[in-house]
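Trainee:
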Amino acid sequence: MSQYSTLPVKASECTECGDCMERCPFKVDIIARMREAVEIFEANAE
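Following the numbering used here, the numbering of the sequence shown begins with 130 at its first residue and continues without gaps.
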């Protein structure tokens, strides 16, 4: 079991509302990173 599978909230639950992007002081493209996390951690989860 991966640590990701134990998280209470998964990256696929991101609604891409952009609130996190407005709050990030480093201007990280969080939405794109969440999409990448889904591809990496959830693609073969089942």
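For every residue, glycine included, the Cβ atom is placed at its ideal position computed from N, Cα and C. A quick note: this is a predicted structure, and the numbers were derived from the prediction, not measured.
#1: From Ala140 to Asn173, what distance separates their C-alpha atoms?
#2: Helix, strand or coil for Val167? Go by DSSP, reduced to three states.
#3: In angstroms with no decimal places, state the Cα-to-Cα distance between Asp158 and Ala166.
#4: Going by C-alpha distance, which of Ser134, Pro154, Thr144, Val138 is nearest Ile160?
Mentor: Here's the rundown:
#1: 14 Å
#2: helix
#3: 13 Å
#4: Thr144
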